Amino acid sequence: MSSEELDRKLDDIWTAMTNCIDRGLATEGELPGGLQVKRRAGEIHRKLEAERGLNIAPPHVINDWISCYAMAVNEENAAGGKVVTSPTNGAASVVPAVIRYYLDHCLGANQAGVRDFLLTATAIGGLVKHNASISGAEVGCQGEVGSASAMAAAGLCAVLGGTNAQIENAAEIALEHHLGMTCDPVKGLVQVPCIERNGLGAIKAVAAASLSLRGDGQHFMPLDNCINAMRDTGRDMDEKYKETSQGGLAVNLLNC
Ligand code: SF4
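Heads up: the sequence shown is residues 1489 to 1744, going by this note's numbering.
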């Protein structure tokens, strides 16, 4: 396709992502499914906005901004709203949250950067899908939120000026520190642990991009090897940790 058409399609994707964040931040109430999980993104966002400019927020509060963008998308997903699979519905929040972080909190951010972010993230997602899996049912959550975090880390590193070596390093750091993560959603709903987990995946992506930018791209474990390790770990993982809700958090609920 022409570069104009490509840009238009990328802009459409970002528009759908950012609209989803905005809808999630503006919607209150309980999520469907019977777990009585309350939407939290909007309330967190309101508190953050109220603190803006008061010079009272410690530096770690940036994590709350990143989390609330991600939680907004995952709450929309849990409520049956429109999300962009990136790479899956369950992990649809990490990439948009990190792009929103880039746009709203990084100096010099612009729409051209959003397009480069999406293309870079796509390249990493393609590598993971081709050589391992992006499915929680196949390899656990390491393949969903782990892959999304690697995609977002690479995207952010690219638009903050990273070299190809630093981009590869960023993706590897993010994926490496999700290895072994199981998929154990309570009652089969994509709510607990999924909503918070996307927020933490986004925070890890930002940290991985930042760490990689501190180096020169040289690092111990190549991304390809890390992807292979994820595939092998997923293969060895017990089936009850692969989206069956028969293990982990899904079977460790309060009795009253
Ligand atoms: S725990 Fe399972 S359902 Fe939830 S985000 Fe991870 S892979 Fe998806």
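Idealized CB from N, CA, C, for every residue including glycine.
On a predicted model such as this, the values are computed, not experimentally measured, just so you know.
- Under the 10 Å beta carbon count, Gly1649 is surrounded by fewer than 16 other beta carbons and is classified as exposed.
- Counted as a single uninterrupted DSSP element, the stretch harbouring Gly1650 is not any alpha helix (DSSP H), since DSSP gives it neither H nor E.
- Taking all protein chains in view, the Cβ of Leu1542 is surrounded by fewer than 16 other Cβ atoms within 10 Å, so the residue is classified as exposed.
- The C-beta distance from Ala1662 to Lys1617 rounds to 16 angstroms, too long to meet the 8 angstroms contact threshold.
- Lys1526 is bridged by DSSP to Glu1518.
- By the Cβ test, the stretch 1673-1693 is in contact with the stretch 1545-1565, since at least three Cβ pairs between them sit closer than 8 angstroms.
- Residue state for Cys1671 is assigned as strand, using DSSP reduced to three classes.
- By the Cβ test, the stretch 1621-1637 is not in contact with the stretch 1588-1597, since fewer than three Cβ pairs between them sit closer than 8 angstroms.
- Where Lys1570 is concerned, there is no enclosing alpha helix (DSSP H), because DSSP gives it neither an H nor an E.
- In the DSSP annotation of this structure, the continuous segment of the alpha helix (DSSP H) that includes Ser1698 starts and ends at 1682-1701.
- Not one heavy atom of the ligand SF4 lies closer than 6 angstroms to the C-beta of Gly1676.
- Annotation for Arg1723: Val1627 place their beta carbon closer than 8 angstroms to its own, counting only its chain and skipping 5 residues before and after.
- With fewer than three CB-CB distances shorter than 8 angstroms, the stretch 1544-1551 does not count as touching the stretch 1511-1522.
- If the five residues before and after Gly1643 are omitted, its C-beta is found closer than 6 angstroms to the C-beta atoms of Phe1605, Thr1608, Ala1609, all from its own chain and listed in chain order.
- Using a cutoff of 6 angstroms, the CB of Cys1508 does not count as near the ligand SF4, since none of the ligand's heavy atoms is closer than that.
- Classified as buried, Ser1581 has 16 or more neighbouring CB atoms from the shown chains inside 10 Å of its CB.
- Distance from the CA atom of Asp1704 to the CA atom of Ala1611, rounded to whole angstroms, is 21 angstroms.
- For Pro1575, there is no enclosing alpha helix (DSSP H), as DSSP gives it neither H nor E.
- Excluding residues up to 5 positions away in sequence, Gly1624, Ala1625, Cys1671 lie with their Cβ nearer than 6 angstroms to the Cβ of Glu1731 in the same chain.
- In this structure the stretch 1651-1670 lies against the stretch 1705-1719, because at least three pairs of beta carbons, one per stretch, are closer than 8 angstroms.
- Taking the Cα positions, Leu1711 is about 34 angstroms away from Leu1513.
- With fewer than 16 other CB atoms across the displayed protein chains lying within 10 angstroms of its CB, Arg1540 is exposed.
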